[in-house]
Structure formats: structure tokens, C-alpha cells
Amino acid sequence: MNKLIISIPQFNLSGGNLVSLELGLFLKKKGLDVYGHSGFRLKKIDEIELNIPKRGLCNTIINIISFFCSSFYSLFSKYYIATHHLTSLFNFIKPAKFSLIQDIESLFYPKRLSWFGTILWRNYLKSDTLLYTSKYLEQRIHNNNNPKTIGFPFIKTSTNFSLTGEKIYDALMILRDGDYKNYNLTLSEFYRLNNNGFTVALVNASRNSLPFNPLIFSNLCRDDFIKVLMMSKRFICLSKWEGLGLPNLEAYSLGLEIISTKIPSAQIIEEIDPNAITIIDSIEQVEKAIISNRVQISDNKMYLRSESLTDLDSLWKEHIFSTIRYYMGQ
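Remember, the numbering used here sits 1 above the position in the sequence shown when you count from 1.
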């Protein structure tokens, strides 16, 4: 049986790696021989555990080396899924069989390096077959009004569905690096909302250290992040753009009201449950959305929310499996 190799950089815990790992586990259940490659190690997909990424210059250098090693490994792999634009650097020599497009990664670069990011991004798109995480992403990349992608990935939490826990926070936000994640606006809005009498928590997932504040949480594992979500009434996402935006979906599945910019996960929530989300296009709308407090939810409704996302995830995985199986000739 032919090996299918999925790039999972450094086996780090991230939204993209969670999606890649869950997809790999699904493909294994469907009968494919699936492995994950970290850049340094090759493991059977069901032996991989994701770890909280380390910060600092040393780890940045290690990340760059791992991307290079993953790209080099792809040259010798017949069936390789690149999952990041830096995991297929040698596409100009031998295109990877697949690229799993989870974001518009040329946006990761600061303006002075945007030309360089565009070159690497176009190289990534040279893979033989492009797989997308959503129709919204496919449409945006190709300006295509007839996308083929169906469904949407969702990482189901094992947390018990219950409303018995106390809701301590009026809202939860995540601070992440990058201009497109709206780092500065997210941080300033966190402080502004708290100064205006709301109790808003912030998960610092950036590389920067912040002054001590009991409402700021750093380096949370996935389980702890879910616990903080469960203690919140709503989730706020101010990103200019995200290819996925999985926290929106996790928050939605746990019964929170969503206040978000128009990223793909917000669009899918609006499509299936418009009353659960307020899509904003200006910062002034955030406080108004909090005050409106429109979502009142029951345990049964939470279960239905999770099931609707699980159904979309199943559709997406089946679509990806069918595409991969076709191009592998199996």
C-alpha cells in the first residue's frame, strides 16, 4: 500500500495542525496508510500528539529548519500533502502531490516582505492537486463563484455539554501575531472593554509578553482553552482575515454568542444559525453586540450546534478523501 505523508510542522499545537491531524486520522480509518512528518520525524498518524509550541529566536530557527526538511522530504515522497506554504519549498523542482490550503499565507508577511511571501505562495499553489478547507477560501483565492469544496472542518471537543458552570467572563478574545490577525486592535479593544465595565478575558497566543493581568492567560493547552471558553458568555474575533478561525466554531459549539469579522468560520455559522452570530465590519459594533445579549441557549441547543458542525466536518472529510483516493488511483 502506498504511504500518504501529511506535513505536520514540529507536531506543534495549532489550528492548522489540528485540522491536518484529524484529517489524517480520518483517512487512516478509511483504509489509507497515513503518516505525519514533523520536519524531523516520521510517525504513524495515530501515534502523533501535538505539543504547545515554544517561543523565542531559537525555536524560530528550528521551525525554519523543519520547514526546509519537510520540503526536502517531499521530493522523495510519491504522495505528500503539504499543509503550509513553507512545507513545499521545492515545488518548483518537483510539485507535491497535494497542498491542503488552510489560509492565504502570503498575508503572513509584513508589507516590506510581501513580494517574497507572494513568490513562496505561488510556489505552494503549484502542487498537483489543491485541497481547500472551505468554499469561502477557495472562492477568495481564485475569485471563483463555483467552488468545488463542500463542508467545513471542525475539531470536536470532548468537553461535556453542560451549562452548570459559572459564566465569569462577558467575553473572551485571543491575541495572535500578525497584522492580519489584528494584534493591536485586539489588545486595545480588550483594555477598552474592561475599562468600560465589562469583564473580558484574553488568551495571549502571541510571541509577546504582556504585563500581569488576572484576565490574561498565556500558553494554554487546548483543554485549558476550552475551560476558559466554557466560563465565557461570548467569543470575540477581530481578525482582518483567517482561513479557518476554529475558535469561532469551538465557541459556537459550546453555546457562546459569536461576535466576529467576516472570516470563513463566521460565514458558516451565519449560514447555519444566523441568530447565534453578529458579524461586524467596524470596532464600534462590538460593544453594541455585547449589550444586545441576544443568545439564550439550552443544553439541547448546544448539542444540536455541535452536531451540525460535526455533520459539516464529515462532509468535508469525505470530500477530501474522495479527491485523494481518486488521485492516488485507489
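Every residue gets a Cβ at the ideal spot worked out from N, C-alpha and C, and that includes glycine.
1) Taking the runs of the beta strand (DSSP E) that are 3 residues or longer, which of them lie wholly in the region 246-307?
2) Does the count of Cβ pairs from the region 128-141 and the region 111-119 closer than 8 Å reach three?
3) In the DSSP assignment, find the unbroken alpha helix (DSSP H) run with Gly118 in it and report its ends.
4) Answer yes if the region 203-223 comes into contact with the region 301-317, meaning at least three C-beta pairs across the two stretches below 8 Å, and no otherwise.
5) Whole angstroms is fine: what's the gap from His320's alpha carbon to Gly198's?
6) Given this structure, state the Cα-to-Cα distance separating Asn144 from Leu138, to the nearest angstrom.
7) Are any of the Cβ atoms in chain B nearer than 8 Å to that of Pro212?
8) Extract the residue ranges of the alpha helix (DSSP H) inside the region 182-214, only unbroken runs of 4 or more that lie entirely within it.
9) Quick check on this structure: which residue in Lys79, Leu24, Arg177 and Phe77 has the alpha carbon closest to the alpha carbon of Cys238?
10) Can you list, in chain order, the stretches of the alpha helix (DSSP H) that have 4 or more residues and sit fully within the region 15-76?
11) Could you tell me whether the Cβ atoms of Ala83 and Ser107 are closer together than 8 Å?
12) Please list, in chain order, all residues of the same chain as Thr187 whose beta carbon is under 7 Å from its beta carbon, the five residues on each side excluded.
13) May I have the straight-line CA-CA distance separating Cys222 from Tyr327, to the nearest angstrom?
14) Cutting at 8 Å between CB atoms, please list the residues of its own chain near Ile94, excluding the five before and the five after it.
15) Give the straight-line distance between the Cα atoms of Ile278 and Lys79, rounded to the nearest whole angstrom.
16) Return the chain-ordered list of same chain residues with a C-beta closer than 8 Å to the C-beta of Pro54, the five sequence neighbours on each side being excluded.
17) In the structure shown, what three-state DSSP assignment does Ile1 receive?
Taking the coordinates as given:
1) Contiguous beta strand (DSSP E) elements confined to the region 246-307 occur at 258-261 and 278-280, taking only those with 3 or more residues.
2) No, the region 128-141 is not in contact with the region 111-119.
3) By one-based count along the sequence shown, residue 118 stands at place 117. Going by DSSP, Gly118 is part of the alpha helix (DSSP H) stretching over Ser115 to Tyr125.
4) When Cβ pairs closer than 8 Å are counted between the two stretches, the region 301-317 is seen not to touch the region 203-223, the count staying below three.
5) Position 319 of the sequence shown, counting from 1, holds the residue named residue 320. Position 197 of the sequence shown, counting from 1, holds the residue named residue 198. Distance between the alpha carbons of His320 and Gly198: 46 Å.
6) Locating residue 144 in the sequence shown gives position 143, where the first residue counts as 1. Locating residue 138 in the sequence shown gives position 137, where the first residue counts as 1. One C-alpha to the other measures close to 10 Å.
7) Any reference to chain B falls outside this structure, which holds one protein chain only.
8) For the region 182-214, the full-length alpha helix (DSSP H) segments reaching 4 residues or more read 184-196 along the chain.
9) Within the sequence shown, the letter at position 237 stands for residue 238. Checking every option, the nearest Cα to that of Cys238 belongs to Arg177.
10) DSSP runs (the alpha helix (DSSP H)) wholly in the region 15-76: 16-30 and 58-75.
11) Numbered from its first residue, the sequence shown carries residue 83 at position 82. Numbered from its first residue, the sequence shown carries residue 107 at position 106. Cβ atoms of Ala83 and Ser107: not closer than 8 Å.
12) Residue mapping note: residue 187 aligns to position 186 of the sequence shown, counting from 1. Correct list, in chain order: Met174, Leu176 and Leu239.
13) Translated into positions along the sequence shown, residue 222 becomes position 221. Translated into positions along the sequence shown, residue 327 becomes position 326. Rounded to the nearest whole angstrom, the C-alpha separation of Cys222 and Tyr327 is 37 Å.
14) For the purposes of this step, residue 94 is taken as the residue at position 93 of the sequence shown. Cβ-Cβ distances below 8 Å link Ile94 to Leu76 in the same chain, with the five nearest sequence neighbours on each side left out; the list follows chain order.
15) As a first step, residue 278 must be located in the sequence shown, where it is residue number 277. As a first step, residue 79 must be located in the sequence shown, where it is residue number 78. Straight-line spacing of the CA atoms in Ile278 and Lys79 works out to 43 Å.
16) Numbered from its first residue, the sequence shown carries residue 54 at position 53. Only residues of its own chain outside the window of five on either side were considered, and among them Gln11, Asn13, Leu14, Ser15 and Asn60 have a CB closer than 8 Å to the CB of Pro54, listed in chain order.
17) Given a span of 2 to 331 for the chain in the structure shown, any question on residue 1 remains unanswerable.
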